[in-house]
Amino acid sequence: MEFNTDLSEKALSLHRLVSQRADQHDAHLTGLSALASTNQKPLFGMMTSLSSTIQKFYPRITSIDLVTRSPNNPLEIFSTRQSSLDNLTIQQINKAALAATGPLRIIPKDGYYLLVKRSPNTDAARYGLSLTIDANALLQNDLDFGANSAISLLTPKGASILRIGDASSDGFFPQELKFRQVLGSQSQPLVLEIRKIVTPAGLFPWASSLTFTLFLGFVLFAVNTYWKQLRHAKLAEKRALLRENEARIAQASRINSLGEMASGIAHELTQPLTAILSQSQAGERIAKLKPEETEKIVSVLNAISQQATRAGNILERLRKWSTKSTKGLEQVDLNKVAQDINDLMMADLKEKGIRLKLSLSSTAPIILADAVQIEQVVFNLARNGVEAMERIQNGCLEIDTRMNDGWTVITISDNGTGIPADIRPNLYDPFFTTKTNGMGLGLSLCEGIVERFGGILKVENGKDCGVVSKVSFKLDQSNG
């Protein structure tokens with residue numbers, strides 16, 4: 186019987202689903218906060234349009250509210266509710282915004298919670314921005330946990346937000362199976378708890394029809410089977426926890442890399458946002474002074490749309506990069522991976538004066554893997570090359586893709602200082618690093634990811650200088 190293992194797998198599936206949904210809330214708050222704090226006054230028209238779109242596609246977000254951040258007299262500035270905000274809710278949002286130091290604040294309610302962000306997210310914040318999240322809709326799923334089971338959503342301190350179902354039984358020898366894990370969302374570390382009561386009678390309903398002797402024998406057999414399944418379930422939970430920890434380490438590595446590129450990213454976002462503000466002001470002046478010149482106004486609006494799309498693409502790349510990967514195997518185009526890495530690192534490389542050269546295969550080099558994890562491997566190898574060239578002139582990073590002799594290959598090379606002979610034997614060892622703030626997991630993590638998808642990672646010094654990192658996959662694997 187696979188009863189306990191099945192429960193564990195369903196619980197992990199629900200955990201991944203709810204974590205992914207929670208991460209979406211952070212992205213919505215970031216976009217809304219940008220509209221609220223871009224100018225001296227919030228861009229109410231654009232906020233109304235964006236709020237309507239968010240609530241249409243994410244109905245679990247039941248309201249979006251903006252209040253002034255004030256120690257004395259907070260006021261409602263914007264709300265999607267049909268009626269005005271009550272004073273208690275205004276005070277709660279304001280209090281959370283005043284107490285915020287960067288991370289989002291959670292205000293638990295009965296069946297829902299408020300997710301509050303200060304806007305802008307600095308000590309000079311002027312507003313408190315809040316999403317109201319319907320917990321029942323957040324937990325909605327098609328998984329069947331059966332009778333005598335309960336699903337609960339709790340705050341990090343253990344306060345209950347919602348409980349669905351009732352895990353209780355009057356049967357003989359009841360035993361509780363329990364799944365309890367913090368969501369994978371960095372901004373909303375809520376706790377998902379799933380409890381289920383099972384009994385031998387539930388596992389063997391036909392036992393009551395046997396004679397006493399046979400009944401006793403089968404009861405003993407059932408107890409033995411039950412404990413075996415319980416051990417299997419706990420082993421499955423441990424294996425799942427190991428996989429979860431590996432995913433967290435991978436995500437932490439990506440977020441750490443983003444932090445290193447923060448100044449370049451901020452500069453890249455400033456350009457389209459500044460253009461949007463400038464074009465908006467120009468359009469306003471034309472509309473006021475020469476309303477008949479509709480072509481100019483249309484041109485200005487098109488420019489605003491293009492810049493907004495550009496900013497949105499930047500944010501989407503950051504979201505995809507920093508969010509935990511939940512996909513299985515899929516067809517991954519290594520040419521697209523190389524182009525995405527180029528887009529992600531462009532600002533940072535420009536600031537460091539390093540040139541990036543792409544040499545892409547004319548035939549799409551397709552492999553079967555997880556796109557986010559493969560992109561992380563290429564990004565880590567590219568970052569190693571960039572760090573090796575920071576102290577030289579005319580640094581050049583090259584990413585090459587090709588299909589050669591039955592292999593699909595992506596190569597990352599640089600003209601940096603190369604690998605010293607004394608550290609080559611420890612190159613792939615976990616927690617071995619020569620960096621002051623390094624974790625020593627980069628190449629070890631990359632090697633594990635590549636081997637998981639049937640590939641080979643080879644890192645060695647170039648013929649003349651620098652390092653050549655080659656990731657190879659068998660062509661029959663690439664074609665699925």
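So that you can map any letter, position 203 of the sequence shown is 388 in our numbering, and since no number is skipped, the others follow by simple counting. No residue lacks a Cβ here, since even glycine has one placed at the ideal position from N, Cα and C. If you're wondering where the values come from, they're calculated on a predicted model, not measured in any experiment.
Can you tell me whether DSSP reads residue i as helix, strand or coil?
i	result
Ser234	helix
Ile246	strand
Asn333	coil
Asn487	helix
Cys631	helix
Pro610	helix
Lys342	coil
Ser264	strand
Ile239	helix
Gln578	coil
Ile604	coil
Leu553	strand
Thr253	strand
Gln722	No information on residue 722 is available, as it lies outside the stretch 186 to 665 that the chain covers here.
Gln414	helix
Glu194	helix
Glu478	coil
Ser448	Residue placement at Ser448 cannot be trusted, given a pLDDT of 48 that sits under 50; the coordinates are not used to answer.
In terms of residue numbering, what span does the alpha helix (DSSP H) encompassing residue i cover?
i	result
Lys141	An answer regarding residue 141 cannot be provided, because it is not within the stretch 186 to 665 covered by the chain.
Leu228	Premise fails: Leu228 is in no alpha helix (DSSP H) and is neither H nor E.
Arg568	Ala556 to Ala573
Ile278	Asn272 to Ala284
Asn326	Here Asn326 belongs to no alpha helix (DSSP H), and DSSP marks it neither H nor E.
Start and end of the beta strand (DSSP E) containing residue i?
i	result
Asn646	Gly640 to Asn646
Leu541	Arg540 to Ser544
Ser598	Trp592 to Asp599
Ser345	Ser345 to Gly350
Asp319	Tyr312 to Asp319
Leu300	Tyr297 to Ser304
Arg290	Arg290 to Pro293
Gln360	Gln360 to Val367
Cys581	Cys581 to Asn589
Glu378	Val376 to Val383
Ser657	Val652 to Lys659
How many whole angstroms separate the CB atoms of residue i and residue j, which I take to be in contact at a CB cut-off of 8 angstroms?
i	j	result
Leu543	Ala573	Actually they do not touch by this definition, with Cβ atoms about 19 angstroms apart.
Ser193	Ala418	5 angstroms
Leu289	Lys302	5 angstroms
Ala567	Asp518	17 angstroms between Cβ atoms; not a contact.
Ser337	Leu328	The pair is not a contact, with the Cβ atoms about 15 angstroms apart (cut-off 8 angstroms).
Leu316	Ile249	6 angstroms
Leu693	Val635	One cannot answer for residue 693 here, as it falls past the ends of the chain, which runs 186 to 665.
Val252	Leu368	Between Leu368 and Val252 the Cβ distance is about 26 angstroms, and since that is not below 8 angstroms, they are no contact.
Thr190	Ala421	5 angstroms
Ala284	Tyr298	16 angstroms between Cβ atoms; not a contact.
Evaluate residue i with the Cβ neighbour count: other Cβ atoms within 10 Å of its Cβ, from every protein chain shown; 16 or more gives buried, anything less gives exposed.
i	result
Gln600	With the sequence shown as reference, residue 600 is identified as Asn, and Gln is not the correct amino acid for it. With 16 or more other Cβ atoms within 10 Å, it is buried.
Arg311	buried
Thr274	buried
Gln668	Only positions 186 to 665 of the chain appear in this structure, which leaves residue 668 out of reach.
Val656	buried
Ile559	buried
Leu220	buried
Val483	exposed
Lys381	buried
Leu217	buried
Arg254	buried
Gln561	buried
Glu632	buried
Asn333	buried
Gly538	exposed
Thr402	In the sequence under discussion, the amino acid at residue 402 is Gly, which differs from the Thr named in the question. When all chains shown are included, Gly402 counts as exposed.
Val408	exposed
Gln516	exposed
Gln225	exposed
Phe229	exposed
Asn520	buried
Phe263	buried
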